[in-house]
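Taking it in order: structure first as structure tokens, then the write-up.
In my numbering, the protein residues as written are 31 to 324.
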């Protein structure tokens, strides 16, 4: 019997029925508790989320695309885990549009209990476009997700100029403790000691949090930078999350919906969870993976 116990941290913003399907899957899959942050602009969804002594809810931040609020929501969930004084071996940070897609996650974590499953793209220097995420003080009005919106093209131009040394609307905040910046994907599974380290780090370095306040898509760099500048860096393995990114200019910026036809590709890799699912568009894919993980 696996001794793994997971604190699942989820950020959710819509479709409580789908969120509840995922929560029920988690509660039936293995030993865990579930912590959910509901987007404040949809706070009414709280009333529809499953009520259980193993489910903990909050709704504090208006999580806008590209903004720092998603990191703040994650940190709030981490604090809830710490303050609960419940015992966990691992933490999972994900969204309400995830699902577990095959059996064996707990056993795999038991065999690799010191690993951090987080996709790291690499180190970011001033000559890379991604450095614009933190070197520019980004106006909130430019944070529009629409892939063909004029503001996306403005962001791209600003990013290219930044990589060439022309920083428009520079972030004037400075870090007291220099770090090497890293970019990766948002979601991760890690030993609970990583959660404790992250909270200790920001408590000791409050300027690190303030530094990212007006960044762009900081969820791709905030936790990644903390982890990769710590003694945990050599414990990082690739993610266990299957994501199907688009291949065109209009779709490459975000994951496409998962279908059950992707099962063979998932089976070939070490993937135990996947995103994103869309109940309103394809209930059959969700039902398929729920049935598969019973």
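Ideal placement from N, C-alpha and C gives every residue a C-beta, glycine not left out.
Nothing here was measured: the structure is a model prediction, and the numbers come from that model.
{"Asked": "Which residues mark the beginning and the end of the alpha helix (DSSP H) in which residue 301 is found?", "Found": "No alpha helix (DSSP H) contains residue 301, which DSSP labels as neither H nor E."}
{"Asked": "In terms of alpha-carbon separation, which member of 120, 100, 97 and 116 lies closest to residue 86?", "Found": "116"}
{"Asked": "With a Cβ-Cβ cutoff of 7 angstroms, do residue 36 and residue 120 count as a contact?", "Found": "yes"}
{"Asked": "Name the two residues that bound the continuous alpha helix (DSSP H) containing residue 46.", "Found": "46-59"}
{"Asked": "Short of 8 angstroms in beta carbon distance, which residues of its chain neighbour residue 290, apart from the five on each side in sequence? Order them along the chain.", "Found": "314, 315, 318 and 319"}
{"Asked": "Under the three-state reduction of DSSP, which class applies to residue 37: helix, strand or coil?", "Found": "strand"}
{"Asked": "Reducing DSSP to helix, strand and coil, say where residue 308 ends up.", "Found": "coil"}
{"Asked": "List the whole-angstrom C-beta distance separating residue 139 from residue 34, where the pair is believed to meet the contact cut-off of C-beta under 8 angstroms.", "Found": "5 angstroms"}
{"Asked": "Rounding to the nearest angstrom, what Cα-Cα distance links residue 225 and residue 216 in this structure?", "Found": "14 angstroms"}
{"Asked": "I'd like the list of long-range same chain contacts for residue 300, defined as Cβ closer than 7 angstroms, with 5 residues on each side in sequence excluded.", "Found": "270"}
{"Asked": "Alpha helix (DSSP H) containing residue 241: first to last residue?", "Found": "236-241"}
{"Asked": "Per DSSP, which residues does residue 200 bridge with? Please list them.", "Found": "166"}
{"Asked": "Specify, as a first and last residue, the run of the beta strand (DSSP E) that residue 329 falls within.", "Found": "The question about residue 329 has no answer here: the residues shown for the chain are numbered 31 through 324."}
{"Asked": "Which first and last residues belong to the beta strand (DSSP E) in which residue 122 is found?", "Found": "120-125"}
{"Asked": "Using alpha carbons as the reference points, say which of 267, 231 and 251 lies closest to residue 144.", "Found": "267"}
{"Asked": "With a threshold of 7 angstroms between beta-carbons, can residue 49 be considered close to chain C, or not?", "Found": "No chain C appears in this structure, which consists of one protein chain only."}
{"Asked": "Is residue 212 closer than 7 angstroms to residue 294 when the C-beta atoms are compared?", "Found": "no"}
{"Asked": "Suppose the cutoff is 6 angstroms on Cβ atoms and the five residues either side in sequence are ignored; what does the same chain contact list for residue 61 look like?", "Found": "35"}
{"Asked": "Closest by CA to residue 302, which one among 137, 158 and 183?", "Found": "137"}
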